[in-house]
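Student: Those letters in the sequence shown? Residues 339 to 1148, per this note's numbering, in order. Once you've had a glance at the structure underneath, I'll fire off some questions.
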Amino acid sequence: MPAAVFLTLALTGAAALARENAVFPSSAMPAVRDYTFMWWAHGWRDPRRVLALQSGHWGMAVDVPGAKLTHLGVIAKPVTADEAAVQDNAAVFSLPQAALSLRVRAGGAWYTCTGGAAAARIIESGRFVQRADIEELVFADSSGRKLDAAGRLEIIAWPDRVSFMLEVSPRHTYARAALAIEITAGGQTFGTAESEKPWNDLSRRSAALTLAASDGQGWVRVAPAAPPGRVEGTELRTAKPVAVAYDAARQWHRVELPDAAWFNGEAGDRLDRVALRLRNPSDRPQTFRLLFADDDRVPHITGISPMIRDAAGNPTGVPVQISKNWHRKPGEPSLYQGPWLHAFTQLRVPAGETVECELTIAHGWWGMVPAVSHAQLCLIGWGVNQLWDQAAIGSWGESICYDPDVNLNRGMIDDVRPLMVWAMGPRPEAKWSWTQNVGGGDFGDYHIGNGGRRFFTRMRTHYRQYGPCLTDVTYAGISPDGAISMRATASSPRCDDITRGYYHVRYDFHRAIQAKRLELFRLGADRYNDPDASQIAWGQGQRMIGEAAAAHRQGYQQTFPLAGAGSWMSLHGAGGFKPPQGGAWANRGMIVRQWQAGVGGKSVAPHGAIIGTSQGKHASAALVCATNDFRAGDYIEFVVEMVILPVRAADYYGPNENLRTSLKTIGDSWQAVARQAAGNTLQVNVLAGTLERAYPPQVKVAADQTAAVEITGGVGYVPVTFSGLKSYRDHSLWMSVDGKESLVDQSRHGADFWQTDYDPQTQTWRQTYNVPLDSPGDVARKALITLKTNPKYESRNPKQETKGETRKKQ
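Structure representation (structure tokens):
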């Protein structure tokens, strides 16, 4: 085993001053090609079960049931992650054909792998790392005799390399045994063979082969060797060193995160900080691949937001992939079951240099407001073992769950829970825990001809922003008949009032079709619509246009035109139903923020529909097009907002007084959705900079790196993003209302309330702030939001540790 590396840093005097003034080097930022994707090439339901992987450097296809490689190659012409997310499978299938040989020598005979499980298990998936395994490997000799052993192949993919690890556990002892992996691709053959050793203790044996994609040279085998450099870490709160070990088979430095010191009350109001020092003593630049791991009890695991900050605590914009798992079946242990947190990133360090930075992990809060995160949630230990995503506002349970391949046959949006209402369970009026599930939702419920729904295939997930102020994750795929491609980007904001999901969705039609059904967005999926609602209403702004009883019968019940932007549908009247397991119910609404559709050469308006679902036959609300006849070149693009609203003021314990006041009179009615629709219909006027997105607002800064935008309206905290920044630090946000300007400072522990994201294509940064735009009596007013450039940011709030649930109201 590699030796652990320890370090204790002294952060006083001159050393502390040097860290405070240090700027994180731009050379360490991710490059355009630093991404990976993993998806089922023909869809999860296709019996071929071809698992495809692609990065900015290479691509690969795996026949999972056959445990075979079909394609493996270096990508000569790089594309950005945004482009790769929507590419056709040809990006991988056009690469050179490949072969994979997995062999075991035991008892004097060679046994070759002939196949494995019908599906791979998804272990980790995200921006930098894809990890999956194929269990149940079968090995047979030349006569067909099978090896009595359990075998598993693990694939670990990084942007520039891929590792194959074969593990075998025998059920008999052998005097001599060995494992071998061989890969052939593009005229190159690479192999590794373990020398024969006694195998007399029934222990698991492994062999690993890593290939790196070398530009202009094809593949290069990476020999197991010493790490690329030295990684050292110290937990800043306790000044204790953390253990770091290099895993050559998986090509990462594993940084062990502290355990008991992390927990700080149910509310999770604290930051965990680990100072990092990466030393590169070589004469070449080195890439450090980092895994921050906690494989034990992980407090506040549902809403953790890890990030890389510089020595002064400024968020750098380096993405940190979040993969986690809390699933475990009692009495049915399985490899990689929960609980664990695995956070990944990679940093480049120039030759002979040292980079210092900090891993910061926000739990329930980021500054004075609940943080938001969107992450892959591993299902090993629960079942199905496929890709599942979970977004959380705070860290008190799931807020919105996503099933991109609809592996559970329910919907792309599954569990959905209200924010800061009484928790479900036996304790009355319990805070900071899981709330009632009011879930179910969907994109692209497409039917043509007979045979039911046609699930979208080639679904890729692009984790653009993990949080903690605004998430941004895209799900992109194509219908199995190739007629419709879909791209749905999900975002949720940091806030303290309600659960929100913003969805920017686009459908492109590639040939003429007459769809039997095409629901563009569903509030309540056909197979997942647990909560009941007695009424469904629709309208625009503050005005209701129609209302109907939510009948308990399947199929389309009613359709009606919607007015476009600002129109809404409400599922309400849940107050008369008693939630199971205690806690509080919530109502649901969808709001159309933007709409544009070109069908048959004409602009087409949106329609709403009331549809009875198969699960319980509870009625759902759907956004549909005025027609289901489409031809090549047609498109539909829209932004819809999903809102999850407490039913009663007494159920909500959060700090937003405007929400509480409104719930007292309009809580269990359509007016609660109308309040959100009208209140967050923003009037945006950019005075300095360029408007890039209207909702939620994004402004590109002016040439002098400043921006100014007037926003009229707003409910709760509204995310505002500034792009085109040449530096990740030395900016401050100011807000002026009624002629009074003040610094926006929501910090709790210093520099902990804004989000920074790096754009490797433009080599610039984005910063997102959540601006409080509530006004007395919900009367819209104008706020001037200004981003200024400062020599140095200094928090106006004292740095302090929070004890238990004690909080300040803003």
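Cβ atoms here follow ideal geometry from the backbone N, Cα and C, with glycine treated the same way. Keep in mind it's a predicted model, so treat the numbers as computed, not measured.
Can you tell me whether Y894 is buried or exposed? The criterion is at least 16 other CB atoms within 10 Å of its CB, across all chains shown.
Tutor: exposed
Student: Using C-beta distances below 6 Å, list every residue in its chain close to P434, excluding the 5 sequence neighbours before and after it, in chain order.
Tutor: G411, A523, G524
Student: With the cut-off set at 8 Å, would you say Y674 and P831 are in Cβ contact?
Tutor: no
Student: Give the DSSP bridge partners of C695, in chain order.
Tutor: L614
Student: With distances taken Cα to Cα, identify the nearest neighbour of R611 among G641, R622, I646, R592.
Tutor: I646
Student: Name, in chain order, the residues that DSSP records as bridge partners for V558.
Tutor: A550
Student: Sort A613, A513, H665, S823 by Cα distance to L792 and report the nearest one.
Tutor: Checking the sequence, you will find Arg at residue 792 rather than Leu. The candidate whose alpha carbon is nearest that of R792 is S823.
Student: Using a Cβ-Cβ cutoff of less than 8 Å, which residues in the same chain neighbour K535 once the five nearest sequence positions on both sides are dropped?
Tutor: The residues are R514, A515, A516.
Student: Between Y813, P766, G820, S817, which has its C-alpha nearest S829's C-alpha?
Tutor: Y813
Student: Examine the Cβ distances between the stretch 864-874 and the stretch 945-963 and report whether three or more of them are shorter than 8 Å.
Tutor: yes
Student: Between the C-alpha atoms of S817 and D597, what's the straight-line distance to the nearest angstrom?
Tutor: 45 Å
Student: Rounded to whole angstroms, what is the Cα-Cα separation between S620 and V687?
Tutor: If I take the Cα positions, the gap works out to 10 Å.
Student: Do V811 and Q659 have their C-beta atoms closer together than 8 Å?
Tutor: Between V811 and Q659, the gap from beta carbon to beta carbon reaches 8 Å or more.
Student: Could you tell me whether the Cβ atoms of L1081 and W1092 are closer together than 8 Å?
Tutor: no
Student: Whose CA, out of F976, R1086, V930, lies closest to the CA of V1011?
Tutor: V930
Student: Are the stretch 487-504 and the stretch 465-479 in contact at 8 Å, needing three or more beta carbon pairs?
Tutor: yes
Student: How long is the line joining the alpha carbons of V390 and W377, rounded to whole angstroms?
Tutor: First, the residue type needs correcting, since residue 390 is Ala and not Val in the sequence shown. Near 5 Å, if we compare the C-alpha coordinates of W377 and A390.
Student: Ordered along the chain, which non-local residues of its own chain (more than five positions away) have a Cβ less than 6 Å from that of T1050?
Tutor: Contacts found: Q1021, A1118, K1120.
Student: If you draw a straight line from the alpha carbon of A360 to that of G651, how long is it in whole angstroms?
Tutor: 10 Å
Student: What number of angstroms, rounded off, separates the C-alpha of A423 from the C-alpha of T799?
Tutor: Taking the straight line joining both Cα atoms gives about 7 Å.
Student: Hey, E520 and S439 are a contact pair by Cβ (cut 8 Å); roughly how many whole angstroms apart?
Tutor: 4 Å
Student: Have a look at A586, R627, A709 and flag the residue whose alpha-carbon is nearest the alpha-carbon of G641.
Tutor: A709
Student: With distance defined between alpha-carbon atoms, name the residue in G763, G779, V759 nearest to G749.
Tutor: G779
Student: Which of the three DSSP states, helix, strand or coil, is assigned to Q684?
Tutor: strand
Student: If you check the beta carbons only, do Q724 and L717 fall under 8 Å apart?
Tutor: yes
Student: DSSP on I718, reduced to helix/strand/coil?
Tutor: coil
Student: Just to confirm my understanding: we take V402, look at its own chain, exclude 5 residues before and 5 after, and list those with CB closer than 8 Å. What are they?
Tutor: R387, V388, L389, G454, A455, A456, A457, A458, I472
Student: Under 8 Å Cβ to Cβ from G914, same chain only, skipping five residues before and after it: list those, please.
Tutor: S872
Student: Quick one: using the 10 Å Cβ neighbour count with 16 as the cut-off for buried, is V593 buried or exposed?
Tutor: buried
Student: Which value, in whole angstroms, describes the spacing of the CA atoms of A587 and R559?
Tutor: 12 Å
Student: Going by alpha carbons, who is nearest to M367 out of S1113, D1116, P1114, P1098?
Tutor: With distances taken between Cα atoms, M367 lies closest to P1098.
Student: Distance, Cα to Cα, Q1101 vs W537?
Tutor: 53 Å
Student: Please classify R1067: is it buried, with 16 or more other beta-carbons within 10 angstroms of its beta-carbon, or exposed?
Tutor: buried
Student: Terminal residues of the continuous alpha helix (DSSP H) containing A428?
Tutor: Unbroken alpha helix (DSSP H) run through A428: 428-431.
Student: Where are the beta strand (DSSP E) runs, 3 residues long or more, that stay fully inside the stretch 1050-1124, in chain order?
Tutor: 1055-1063, 1069-1075, 1078-1081, 1093-1097, 1102-1110
Student: Where does the unbroken beta strand (DSSP E) through D420 begin, and where does it stop?
Tutor: Per DSSP, D420 belongs to no beta strand (DSSP E); it is in the alpha helix (DSSP H), 419-422.
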